[in-house]
Amino acid sequence: NETKEAAIKEIRALETKSRELRKQHQALQDQVLAADSALEQCRQSSEGKRKEKQDQFEQIRRDMSQMELVISSADTLLEEGLEDRKKDVDAELQHLDDHGDSLLSEMQALEEEVLSLRNGVRQKDEIRNNIQQNLELKEHEEQLVAAQAELAEAERAYEEGAGAALEDLHVQQDRIKAHMQRVMEERAEMRGVHKSLSSQINALQDRLGSKTYANIDAEYNEKNIELQTTEMVEQDLDSYYKAVDRALMSYHSMKIAEINKIIRELWQLTYSGQDIENIEIVGEEGGQTSTARARSYNYKVVMRKGDALLEMRGRCSAGQRVLACIVIRLALAETFCLTCGILALDEPTTNLDYENKAGLAHALAMIIGARSEQHNFQLLCITHDEDFVGMMNEQLQAQNGLSMPEYYWKISREELSPSRFFSRIERIDWSELQG
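Residue 239 in the working numbering sits at position 206 of the sequence shown; the count goes up by one each step and never skips.
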C-alpha cells in the first residue's frame, strides 16, 4: 500500500510537470503564431507597397503614352511650324523624362525592397521551422527524462515494496504461528475440560442409578410442591403484614392525634405562662430494625408559639419540663388506660411555681370529675407539697356532684435515737384538711 501511494504521488508529480511543460509549449506556440502574424503583416505590407509601385509604374506607362501623344502632337506642331510650341513640348518631354527616370529608380528600389522582404519572410519561415523542431525536440527529451525517472522510481518502489511485502509476510507468519499455538493450547484445555465433564456426567449417572436416587422424581415433585406452597404462604403473609402495617400506621396516627388533643387541653388548663401556647408529640419513623421487619419511631416533644414549632429539649425551664411530663403522662393514661382505673403521680409539683401548681390541680380535678363514674378509678398522688393538697381540695369542691375523699395518708420520719429513724404513717380525715 505504501509503495502504491508513493507511485501515485510520483505519477501526480509527473503529471504536474507535464502540465507545466505543456504550458511552456503553448507559450512557444503563441510566440510562433505571433511571428507568423508579424510575417503575414510584413507580407501584406510588402504586397501593398508592391501594388502601390505597380500602380505608379502603370501611371508611368500612362504618362509615357501621354508623352508619346505629346511627341506626336509636337511632330504635328513642327510640321505646322509652331516652333514655340515645340520648345514647350521639349521642355515638358524633358520633365517627363526626368520624372520617368526617378520613377524607374523608385521602382528598382521597390523591387529590391520586395526581394529583401521575401528573403526576410523566407528566413522567418526557417526560424519558425527551427523553433518548432526545437520545441518538439525539447518535448521529446523531457518525455524521455520523465519516462526514465518514472522507470527508475518504479524499479526502486518495486524493490522497496518487495522487501516490505516480504517483511510483512514474515510478521504475518509469526502471528499465524502464535495464533495456531494459542488455538492448540485452548484445544488441549477444552479436551481436558470435556474429559472432566464426561467423568462427572458418568459419575452422576451412576449415582442416579443407585438406590439413593431411585425415587428422585417423586421426591423432587414433592419438594417442588412444598416450595411453591411455602412461596404462596410467604406471599399471603407479606400481604397480611402489609395490611396489618397499614392498619397499625392508621391506628398510630389516630392515637397520636388523640394524645395531642388531650395534651393541648390539659396544657391550656394547667400552664399559666404566655410564651408557650401548647405542646405536642411528634413521631418520626426511624426505619426497620435489623432483627425484624417491625418499624421503630423516634418521638420528640415540641412547643408551639404561633406558627413556630421548636423542640422543648434544652429550650424550656425545669418547671415547664416537669409540667410537660405530667401532662403527657396524663394524656397517655387518658388515651390507653381507660380500663385501668389507677392514676399514680409521684411529686408532680417539683419545680412548679404557684400558678402552674394551681393549673395542675385544676386539671386533675377535671380528670377526677370526668372519671367519677368509672367504678375502678383511683388517683394516687404522692407529694410533700401541702399547698398543692389544699389546691386539690379547692378544685374538687368546685366540681358539682363530686363526692369528696374520706381521708388521706400522711407519712413522716421521726428519730427514735441518734442515727436511728423510723417512718410514721397517719390516716387523716379529709375534713381536717378543709378546716
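Using N, Cα and C, we set each Cβ at its ideal position, and we do this for glycine too.
Note that the structure is a prediction, hence the values are computed from the model and not measured.
Return the CA-CA distance between E388 and Q353, expressed in angstroms with no decimal places. 12 Å
Assign S450 to one of three DSSP states: helix, strand, or coil. strand
Thinking C-alpha only, which one of I461, K275 and T368 is nearest W442? I461
Tell me whether D308 sits in a helix, a strand or coil according to DSSP, three-state version. coil
Along the chain, where does the beta strand (DSSP E) that runs through A377 open and close? Note, A377: beta strand (DSSP E), I375 to D379.
Where I312 falls, given that 16 or more other Cβ within 10 Å makes a residue buried: buried
Neighbourhood of R457 by C-beta, 6 Å cutoff - its chain only, sequence neighbours within 5 removed: S445 and E447
With contact counted as at least three CB pairs below 8 Å, one residue from each stretch, are the stretch 414-434 and the stretch 381-401 in contact? Under the three-pair Cβ rule at 8 Å, the stretch 414-434 counts as touching the stretch 381-401.
Quick one: Cα of L115 to Cα of E80, how far? Because the pLDDT at L115 is just 45, under 50, the model does not fix this residue reliably, and the point stays unresolved.
If you count every other CB in all the chains shown that lies within 10 Å of the CB of V373, and 16 or more means buried, which is it? Correcting the residue identity first, residue 373 is Cys in this sequence and not Val. Per the 10 Å Cβ criterion, exposed.
Cβ-Cβ distance between G347 and Y330 below 8 Å: With respect to the 8 Å criterion, G347 and Y330 are not classified as neighbours on the basis of their beta carbons.
Whole-angstrom C-beta distance between I295 and E406, which should lie under 8 Å: E406 to I295, Cβ: 18 Å. No contact.
Alpha carbon to alpha carbon, how far is L281 from Y332? Give it in angstroms, no decimals. 16 Å
Tell me whether L435 sits in a helix, a strand or coil according to DSSP, three-state version. Coil at L435, not helix or strand.
Alpha carbons only, please: which of K56, Q141 and M345 is nearest the one belonging to K82? For K82, the closest alpha carbon among the candidates K56, Q141 and M345 is that of Q141.
Check each candidate in S452, V422, F454 and D379 and name the one with the smallest Cα separation from S464. Taking only the C-alpha atoms, the option nearest S464 is V422.
On the three-state DSSP scale, how would you describe D269? helix
Of the choices H227, R155, A247 and D340, whose alpha-carbon is the least far from that of C75? R155
Measuring only the C-alpha atoms, how far is A185 from K42? 14 Å
Per DSSP, what kind of secondary structure is F410 in: helix, strand or coil? coil
K84, buried or exposed, once every other Cβ within 10 Å from all chains shown has been counted against 16: exposed
Range covered by the beta strand (DSSP E) that runs through L363: Not the beta strand (DSSP E): L363 falls in the alpha helix (DSSP H), residues A351 to F369.
Whose C-beta lies closer than 7 Å to the C-beta of H203 among residues of the same chain, with five residues either side of it excluded? Once the five neighbours on either side are set aside, H203 has no close Cβ partner at all.
Nearest candidate by alpha-carbon position, reference L299, set M345, L385 and G392: Nearest to L299 by C-alpha distance, out of M345, L385 and G392, is G392.
Here's the rule: buried if 16 or more other CB atoms are within 10 angstroms of the residue's CB, otherwise exposed. What is P451? exposed
Where do the ends of the beta strand (DSSP E) carrying A341 lie? A341 to E344
Endpoints, alpha helix (DSSP H) assigned at Y387: Y387 to A403
Could you tell me the alpha carbon to alpha carbon distance between L412 and L356, rounded to whole angstroms? 17 Å
Going by DSSP, what residues sit across from K443 in a beta bridge? According to DSSP, K443 shares a beta bridge with E459.
Can you give me the C-alpha to C-alpha distance between S436 and E427, rounded to a whole angstrom? 13 Å
Cα separation between L385 and C349? Roughly 13 Å separates the two Cα atoms.
Among L237, L72 and R189, which one has its Cα closest to the Cα of K157? L72
Please classify T262 as buried or exposed, where buried requires at least 16 other C-beta atoms within 10 Å of its C-beta. exposed
From this set, S243, E259 and D69, which residue's C-alpha is nearest E159's C-alpha? Considering only alpha carbons, the answer is D69.
Suppose you measure from the CA of Q2 to the CA of E174; what does that come to, to the nearest Å? For residue 2 there is no data in the structure shown, the boundaries of the chain being 34 and 468.
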